[in-house]
Amino acid sequence: MAERTSSSFLSALSLIWRGTKAAVLWVMLLVSAAPLWAAAPPITTLISDVTVIDGLGEAPLLHRYVLLQEGRIASIDTKPPIVGADVVVIDGRGFYLLPGFWDMHAHTFADTTAMELYLAAGVTGLRDMGCPENCTTKLGEVRQAYLSGSGVYPRLVFSGPMIDGDSPYDDYPSHRQINLQTLPDALAVLQKLQVDFIKVRDFLSRDEYMALVGAGAAMQLQLAGHVPISLPVNEAVRSGLSTVEHEGSLFGGLLLACSSDESKLRDELRNMMRKATASGDVETLYAEALNAGFIDRLLNSYDPNKADALVQAFFDSGAALVPTLVMQEPMLHSADPEFNGRRKVEDEEFIDAPDTLISGWRETAGEEVLGQPFSDLDRAAMARQYNQVVKLIGKMHRAGVPILAGTDASFPDGTPWVWPGYSLHDELELLVSAGLSPSEAIASATGAAAAQMGLSDTGVIAAGNRADLILLGRNPLEDIRNTRVIKRVWVNGQSVDRDALLDRVKRRAEDHENYWE
């Protein structure tokens with residue numbers, strides 16, 4: 126196989142389980158929202174004598190002078206440029222300048238406080254993976270705010286309503302069920318909302334999926350999301366799925382493609398899904414598809430030759446994987462988890478989190494998956510599945526398949542111990558543990574992410590690009606955990622007041638509407 130440089134079911138299911146009653150809140154947010162941006166005076170900034178990590182995985186550039194002008198990177202020089210007295214000069218000695226990070230799998234629900242939390246954590250770009258029409262309209266306003274030069278919100282690309290086939294989730298407001306007859310109406314809605322890509326899901330039939338592939342090509346929109354159980358992963362990516370999320374699908378996903386019993390297991394899953402659609406009994410579907418017996422059959426039938434074929438399909442097609450490991454990592458599924466040698470509850474983002482939120486997480490994180498109990502045997506099997514997926518990610522990365530950073534986070538009631546913005550740093554740590562170097566992990570959230578989306582003016586520190594930047598106090602190439610040592614953040618060349626943002630987030634988290642109940 127050619128070489129070039131360069132999850133699972135729990136994450137994929139989480140939004141479905143929690144998202145049934147959110148529409149009223151989104152309408153309230155839309156009605157009450159303040160204007161999204163105001164004109165700010167142009168600021169010219171010089172970051173002097175700084176080490177530049179460009180986002181492409183190249184060797185760091187030492188002693189650089191980076192000039193920010195009119196929201197762009199005006200120049201990157203080895204000597205100080207001649208500037209006027211009104212220029213803001215930042216002493217960069219001993220600091221590291223990176224492109225702002227992208228979270229490639231976010232669910233903001235058009236909550237501007239959540240977006241501010243991302244900025245405070247150095248995440249200046251978000252790929253929003255699904256919300257209803259009213260929510261999507263608000264996302265369009267935020268997108269325009271950024272493109273107009275605002276330094277208030279991150280850059281957004283978004284899918285709008287997710288597209289699925291006939292499924293048991295009739296009351297899930299973030300997705301739209303279609304068939305071949307209703308597909309044109311759904312596409313007209315997406316076109317009206319001016320979405321950036323089409324998010325696909327698990328219950329689509331093969332014919333419905335292929336019709337979406339053709340429609341996406343005609344509309345010049347990428348397809349991204351889950352691989353429908355109705356067709357193999359290899360076929361989905363070769364036909365045009367640009368990114369595969371999580372571990373591929375709700376049930377099995379990538380490991381199903383690696384199974385010597387793929388056809389038999391796929392047929393069983395399709396039968397389970399058809400029964401759930403007919404009855405509306407999602408709990409039984411989960412119980413059948415996520416129990417230790419089914420998972421162990423999946424793991425015990427792992428075929429290295431089929432794994433090689435899967436990796437080749439990704440490589441040949443240029444498809445990327447967004448594994449969202451932070452949602453599945455077994456060490457985080459406990460009441461008081463330790464993550465890479467530290468108690469999670471003591472991390473910066475959770476110190477001021479509401480006690481009610483933390484106590485709620487402690488009650489559920491160690492006992493339930495998606496709000497329903499599983500046995501210790503089932504949870505042990507899920508952990509084995511996670512470990513096998515991590516090994517497969519390492520294999521894909523070594524073969525040159527793009528692995529991109531995303532979290533599936535939602536503010537503030539989402540998965541326990543997953544916090545918008547800050548959990549992207551956890552994801553970078555997990556990607557390094559899966560085999561990426563620190564430099565490659567940084568690229569997974571910067572240059573590689575931008576390239577996969579077809580964006581040429583973000584994700585890389587280069588003259589002419591948007592000045593979305595992070596200044597770190599320690600070298601992340603020596604220890605990826607140093608991406609958390611954030612000193613400054615810029616969006617469109619404007620410095621972000623992190624303290625003010627975090628204060629607003631704290632107050633919002635203490636008095637918030639629950640998205641899921």
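Position 443 of the sequence shown, counted from 1, bears residue number 568 in the numbering used here, the numbering being contiguous throughout. Ideal placement from N, C-alpha and C gives every residue a C-beta, glycine not left out. Just so you know, these numbers come straight off a predicted model, no measurement behind them.
Nearest-angstrom Cα distance between residue i and residue j?
i, j, result
"Glu183", "Gly572", "11 angstroms"
"Pro541", "Asp480", "13 angstroms"
"Ser562", "Glu474", "25 angstroms"
"Ser558", "Ala336", "38 angstroms"
"Thr532", "Gly209", "42 angstroms"
"Ser404", "Glu333", "22 angstroms"
"Leu457", "Val543", "9 angstroms"
"Glu195", "Leu244", "19 angstroms"
"Arg632", "Phe536", "13 angstroms"
"Pro279", "Ala361", "31 angstroms"
"Ser374", "Glu488", "27 angstroms"
"Ile168", "Ala199", "12 angstroms"
"Val630", "Glu241", "8 angstroms"
"Ile483", "Asp228", "23 angstroms"
"Ser355", "Arg395", "7 angstroms"
"Cys260", "Ala239", "14 angstroms"
"Leu450", "Glu552", "6 angstroms"
"Leu312", "Val447", "25 angstroms"
"Ser442", "Leu580", "19 angstroms"
"Val515", "Pro205", "45 angstroms"
"Phe226", "Gly519", "22 angstroms"
"Phe622", "Gly377", "Per the sequence presented here, residue 622 reads as Asp, with Phe not at that position. Computed Cα separation, rounded: 43 angstroms."
"Tyr190", "Gly247", "21 angstroms"
For a test of your reading of the model: does the CB of residue i fall under 7 angstroms from any non-hydrogen atom of the ligand ADP? Yes or no.
i, result
"Arg632", "Among the components of this structure there are no ligands whatsoever, and the ligand ADP is therefore not found."
According to DSSP, which residues form a beta bridge with residue i?
i, result
"Trp615", "Leu594 and Ser620"
"Pro224", "Leu594"
"Thr176", "Tyr221"
"Asp538", "Beta-bridge pairing links Asp538 to no other residue."
"Tyr427", "Ser384"
"Arg468", "Glu463"
"Ile528", "Leu446"
Taking the alpha helix (DSSP H) that residue i belongs to, which residues open and close that run?
i, result
"Ile288", "Note, Ile288: premise wrong, no alpha helix (DSSP H); beta strand (DSSP E) at Met287 to Asp289."
"Thr169", "Unbroken run through Thr169: none, as it is neither H nor E."
"Ser459", "Taken as a continuous stretch (DSSP letters only), Ser459 belongs to no alpha helix (DSSP H), as it is neither H nor E."
"Ala445", "First-last for Ala445: Ala445 to Val447, but that is the beta strand (DSSP E), not the alpha helix (DSSP H)."
"Ile323", "Ile323 -> not in any alpha helix (DSSP H); beta strand (DSSP E) instead, spanning Phe322 to Val325."
"Gln302", "First-last for Gln302: His300 to Gln302, but that is the beta strand (DSSP E), not the alpha helix (DSSP H)."
"Gln316", "Leu308 to Leu318"
"Gly572", "Gly572 to Met578"
"Ala414", "Val407 to Ala414"
"Met240", "Thr237 to Ala245"
According to DSSP, is residue i part of a helix, a strand, or is it coil?
i, result
"Val585", "coil"
"Leu348", "strand"
"His232", "coil"
"Phe419", "helix"
"Gln269", "helix"
"Leu252", "Reading off the sequence shown, one finds Arg at residue 252, where the question assumed Leu. The answer is strand: DSSP assigns Arg252 an E or B state."
"Tyr511", "helix"
"Val191", "strand"
"Ile476", "helix"
"Ser500", "coil"
"Leu549", "helix"
"Thr186", "The sequence shown places Leu at residue 186, rather than the Thr named in the question. Of the three classes helix, strand and coil, the one that applies to Leu186 here is strand, per DSSP."
"Glu360", "helix"
"Ile207", "coil"
"Ile518", "helix"
"Ile354", "coil"
I need the boundaries of the beta strand (DSSP E) containing residue i, first residue and last residue.
i, result
"Lys400", "Lys400 -> not in any beta strand (DSSP E); alpha helix (DSSP H) instead, spanning Glu387 to Ser404."
"Glu370", "Leu366 to Glu370"
"Ile201", "Arg197 to Asp202"
"Arg280", "Arg280 to Phe283"
"Val213", "Val213 to Asp216"
- Message: Does the structure place the region 403-415 close enough to the region 332-343 that three or more beta carbon pairs sit under 8 angstroms?
- Response: The region 332-343 vs the region 403-415: no contact.
- Query: Is the region 217-229 touching the region 508-526, taking contact as three or more C-beta pairs under 8 angstroms?
  - Reply: Touching, no, given that fewer than three Cβ pairs across the two stretches are closer than 8 angstroms.
- Message: I'd like to know if the region 609-627 and the region 577-596 are in contact, where contact means that at least 3 CB-CB pairs between them fall below 8 angstroms.
- Response: These segments touch.
- Query: Are there three or more Cβ pairs, one per stretch, closer than 8 angstroms when the region 347-356 is compared with the region 368-385?
  - Reply: Counting C-beta pairs closer than 8 angstroms gives three or more between the region 347-356 and the region 368-385, which meets the contact rule.
- Decide if the region 376-391 is in contact with the region 452-469; the criterion is three or more beta carbon pairs, one per stretch, under 8 angstroms apart. With a cut-off of 8 angstroms, the region 452-469 and the region 376-391 do not count as touching, because too few Cβ pairs lie within range.
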